[in-house]
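Beneath this line is the structure, given in structure tokens, with notes to follow.
Number of protein chains: 2
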Amino acid sequence: MTGEAQGRSGRRPGNSGARAAILDAARRRFSENGFDGTSIRAVAGDAGVDPALVHHYFGSKRQLFAAVVELPIDPEVVMRVFAAAPLDELGATMVRTLVTLWDSELGSAAVAVLRTMVAGTDPGLARSFFVEVALERVRARIATETDDGSGRVALVASQMLGMLIARKVIELEPLAAMPVDAVVAAVGPTVQRYLTGELG
Amino acid sequence: MTGEAQGRSGRRPGNSGARAAILDAARRRFSENGFDGTSIRAVAGDAGVDPALVHHYFGSKRQLFAAVVELPIDPEVVMRVFAAAPLDELGATMVRTLVTLWDSELGSAAVAVLRTMVAGTDPGLARSFFVEVALERVRARIATETDDGSGRVALVASQMLGMLIARKVIELEPLAAMPVDAVVAAVGPTVQRYLTGELG
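Respectively, the protein sequence lines represent chains W and E. Going by full-length UniProt numbering, the first residue of the first sequence is number 1, and it counts up by one from there. Going by full-length UniProt numbering, the first residue of the second sequence is number 1, and it counts up by one from there.
Structure below.
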């Protein structure tokens, strides 16, 4: 609660006060208990509001998470693009989708999210984002009886995190100015191998 | 100069004052002019000391740079390991060397360097580190008449940066606990392909 504490008595605090209280409670819950271990009801309880108000302001739990992490885009949208790709084109699709997103006007927000994650004030939240939100459906899709896919998607995350940093934060040339097609040609096979290839 | 300004008259300021002045001048020069565009003489001039004192305190220009970036290890040592590897084992060697380093007691310092770079207060310094110090000799080694190798080493940097973040900052499992051999088996071929393979 950053300086906008308001009285609890009488009517609800103004919209921005309730929103902030919900975000604050959600940040703590997600960070401590992860995405799966957090319920809208618990967040609402912590914030002293009705669960319906949480849904009203933020939509689904995934959307609430996106708001907490200050994601510039609903992860659902990205996941739908991934889900529509044939498995043998998933690597190239993930690289093309993410790099295109970072090159758009949403890129600076993606960099801001990354900076927050790397600043390390809240590694629990970052882990939760990758393990339970960003990577979960791709993991489930590539899982087999002998390999749950979690190592594979973590490897994918390592390559894509590094690409975001090299291209958008450090602006390492010639990678920063490389056309998306060239990035996809270079990095798509890496991600595809991490997803479905032989890992040695 | 952070609160330890000392008079210029009479004897040199104490060792720590001169060291701090040199580091301060070097940070500005490296950041503005890059590694190649910075001379020990210019740094010494800015700091108001004799160039010999810079060499005395910090050794080579590369070692001065390492001190500015607060690298936990002289990059020369790492480069010698890379240089000793046969070209077709360079990918695996780079992954094994860096991951082993990060897993050692030097790992937390490596993470600190990364955090500073990603915080983005000084992208010029980070670029200079990768382009002119960390990657230059590997680039020169893989350069051909038609490809100077700069895109290839930037791709390597993207994968290794992301590995450092995933494994050591976010501690993304199962990657964070993966034995070094398994990381080398998974990521070595990626780095080898970036260095010497077909990039599409």
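For glycine and all other residues, C-beta sits at the position ideal for the given N, C-alpha and C.
List the residues of chain W whose Cβ lies closer than 9 Å to the Cβ of Pro-123/E, in chain order.
Here residue 123/E is taken as the residue at index 123 of the second sequence, counted from 1. Simply Val-169, Ile-170, Glu-171.
At the level of alpha carbons, what is the spacing between Arg-141/E and Leu-87/E?
As a working note, residue 141/E is residue 141 in the second sequence. As a working note, residue 87/E is residue 87 in the second sequence. Straight-line Cα distance between these residues: approximately 9 Å.
Can you tell which of Gln-63/W, Arg-19/W, Leu-98/W, Arg-139/W has the C-alpha that lies nearest to the C-alpha of Phe-35/W?
Sequence index remark: in the first sequence, residue 35/W carries index 35 (1-based). Looking at the Cα atoms, Gln-63/W is the closest of the given residues.
Does DSSP put Gly-151/W in a helix, a strand or coil?
Locating residue 151/W in the first sequence gives position 151, where the first residue counts as 1. In this structure, Gly-151/W counts as helix in the three-state DSSP scheme.
Would you mind working out which of Met-163/W, Gly-162/W, Glu-198/W, Leu-106/W sits nearest Asp-147/W, comparing C-alpha positions?
Translated into the one-based positions of the first sequence, residue 147/W becomes position 147. Among Met-163/W, Gly-162/W, Glu-198/W, Leu-106/W, the Cα nearest to that of Asp-147/W belongs to Glu-198/W.
Arg-127/E and Ile-170/W: beta carbons closer than 8 Å?
The residue labelled residue 127/E in the question sits at position 127 within the second sequence. The residue labelled residue 170/W in the question sits at position 170 within the first sequence. Arg-127/E is a Cβ neighbour of Ile-170/W, given a cutoff of 8 Å.
Leaving out five residues on either side along the sequence, give the residues of the same chain with a beta carbon under 7 Å from the beta carbon of Ala-66/W.
Position 66 of the first sequence holds residue 66/W. The residues are Asp-74, Pro-75.
If you draw a straight line from the C-alpha of Ala-83/W to the C-alpha of Ala-154/E, how long is it?
Counting from 1 along the first sequence, the entry for residue 83/W is found at position 83. Counting from 1 along the second sequence, the entry for residue 154/E is found at position 154. About 30 Å.
Pick helix, strand or coil for Ala-21/E, following the three-state DSSP scheme.
Locating residue 21/E in the second sequence gives position 21, counting from the first residue. Of the three classes helix, strand and coil, the one that applies to Ala-21/E here is helix, per DSSP.
Please confirm if Phe-30/E has its CB atom under 8 Å from at least one CB of chain W.
Against the second sequence, residue 30/E aligns to sequence position 30. Not closer than 8 Å to any Cβ of chain W, the Cβ of Phe-30/E fails to qualify, so no.
Do you know whose CA, among Ala-110/E, Met-94/E, Glu-132/E, lies nearest Val-180/E's CA?
As a first step, residue 180/E must be located in the second sequence, where it is residue number 180. The shortest Cα separation from Val-180/E among Ala-110/E, Met-94/E, Glu-132/E belongs to Met-94/E.
Cβ of Met-163/W less than 8 Å from any chain C Cβ?
Among the protein chains in the structure shown, which are W and E, there is no chain C.
Can you say whether residue 212/W is buried or exposed, counting buried as having 16 or more other CB atoms within 10 angstroms of its CB?
This structure does not reach residue 212/W, given that chain W is present from 1 up to 200, and the question cannot be answered.
Once DSSP output is grouped into helix, strand and coil, what is the label at Thr-144/E?
The residue given as residue 144/E occupies position 144 in the second sequence. Looking at Thr-144/E - three-state DSSP - the assignment turns out to be coil, as it is neither helix nor strand.
Tell me the rounded alpha-carbon separation between Gln-159/E and Pro-123/E.
Within the second sequence, the letter at position 159 stands for residue 159/E. Within the second sequence, the letter at position 123 stands for residue 123/E. When rounded, the distance between both Cα atoms is 18 Å.
For the region 40-48 of chain W and the region 14-28 of chain W, state whether three or more C-beta atom pairs, one from each stretch, are separated by less than 8 Å.
yes
Please report the distance separating the alpha-carbon of residue 220/E from that of Ala-92/E.
Lying outside 1 to 200, the shown extent of chain E, residue 220/E is not represented and no answer is given.
Taking all protein chains shown into account, decide if Thr-144/E is buried (16 or more other Cβ within 10 angstroms of its Cβ) or exposed.
Within the second sequence, the letter at position 144 stands for residue 144/E. Per the 10 Å Cβ criterion, exposed.
Between the Cα of Ala-157/W and the Cα atoms of Ser-108/W, Ala-185/W, Thr-190/W, which residue gives the shortest distance?
Here residue 157/W is taken as the residue at index 157 of the first sequence, counted from 1. Nearest option by C-alpha distance: Thr-190/W.
Identify whether Glu-70/E lies in helix, strand or coil by the three-state DSSP scheme.
Stepping through the second sequence from its first residue, residue 70/E is reached at position 70. Coil, per DSSP.
Where Val-54/W and Arg-41/W are concerned, what is the direct C-alpha to C-alpha distance, given to the nearest angstrom?
On the first sequence, residue 54/W is found 54 positions in, with the first residue counted as 1. On the first sequence, residue 41/W is found 41 positions in, with the first residue counted as 1. When rounded, the distance between both Cα atoms is 9 Å.
Can you check whether the CB of Ala-110/W is closer than 8 Å to the CB of Glu-70/W?
What you label residue 70/W is simply residue 70 of the first sequence in a count that begins at 1. What you label residue 110/W is simply residue 110 of the first sequence in a count that begins at 1. Against a cut-off of 8 Å, the Cβ pair of Ala-110/W and Glu-70/W comes out as no contact.
Taking a contact to mean a Cβ-Cβ separation below 8 Å, would you say Arg-27/E touches Thr-38/E in this structure?
Counting from 1 along the second sequence, the entry for residue 27/E is found at position 27. Counting from 1 along the second sequence, the entry for residue 38/E is found at position 38. No; because the gap between Cβ atoms is not below 8 Å, this pair is not in contact.
In chain E, which residues lie with their C-beta within 7 Å of the C-beta of Thr-190/W?
The residue given as residue 190/W occupies position 190 in the first sequence. Correct list: Thr-190.
Could you run through the region 39-63 of chain E and flag, in chain order, every residue whose CB is less than 7 Å away from some CB of chain W?
none
Rounded to whole angstroms, what is the Cα-Cα separation between Ala-185/E and Tyr-57/W?
The residue you call residue 185/E lines up with position 185 of the second sequence. The residue you call residue 57/W lines up with position 57 of the first sequence. Roughly 46 Å separates the two Cα atoms.
Mapping DSSP to helix, strand and coil, what is Ala-177/E?
Position 177 of the second sequence, counted from the first residue, corresponds to residue 177/E. Three-state DSSP puts Ala-177/E in coil, outside helix and strand.
Run through DSSP, which three-state label would Glu-132/W get?
Locating residue 132/W in the first sequence gives position 132, where the first residue counts as 1. If DSSP states are grouped into helix, strand and coil, Glu-132/W belongs with the helices.
Is it the case that the Cβ atoms of Arg-152/W and Val-118/E are separated by a distance below 8 Å?
Taking the first residue of the first sequence as 1, we reach residue 152/W at position 152. Taking the first residue of the second sequence as 1, we reach residue 118/E at position 118. For Arg-152/W and Val-118/E, no; Cβs fall outside 8 Å.
Got a sec: is the Cβ-Cβ distance from Leu-199/E to anything in chain W below 8 Å?
To locate residue 199/E, count along the second sequence from 1; it is residue 199. With 8 Å as the cut-off, Leu-199/E counts as an interface residue toward chain W.
Who are the neighbours of Ala-186/E on chain W, taking C-beta pairs under 8 Å?
Along the second sequence, read from residue 1 onward, the residue named residue 186/E stands at position 186. The contacting residues are Gly-151, Leu-155, Tyr-194, Leu-199, Gly-200.
Strictly below 8 Å CB to CB, what residues from chain W border Ser-108/E?
By 1-based counting over the second sequence, the position of residue 108/E is 108. What Ser-108/E touches in chain W: nothing, since even the nearest Cβ is about 11 Å away.
Can you check whether the C-beta of Ser-104/W is within less than 8 Å of a C-beta belonging to chain E?
Start at 1 with the first residue of the first sequence, and residue 104/W comes out as number 104. For Ser-104/W, no Cβ of chain E is located within less than 8 Å of the residue's own Cβ.
What does the alpha-carbon distance come out to for the pair Leu-161/W and Leu-161/E?
Residue numbering aside, residue 161/W sits at position 161 when the first sequence is read from its first letter. Residue numbering aside, residue 161/E sits at position 161 when the second sequence is read from its first letter. For Leu-161/W and Leu-161/E, the distance between alpha carbons rounds to 8 Å.
Identify every run of the alpha helix (DSSP H) within the UniProt DNA-binding region "H-T-H motif" (39-58) of chain E, keeping only runs that are complete inside it and at least 4 residues long; order them along the chain.
40-47, 51-58
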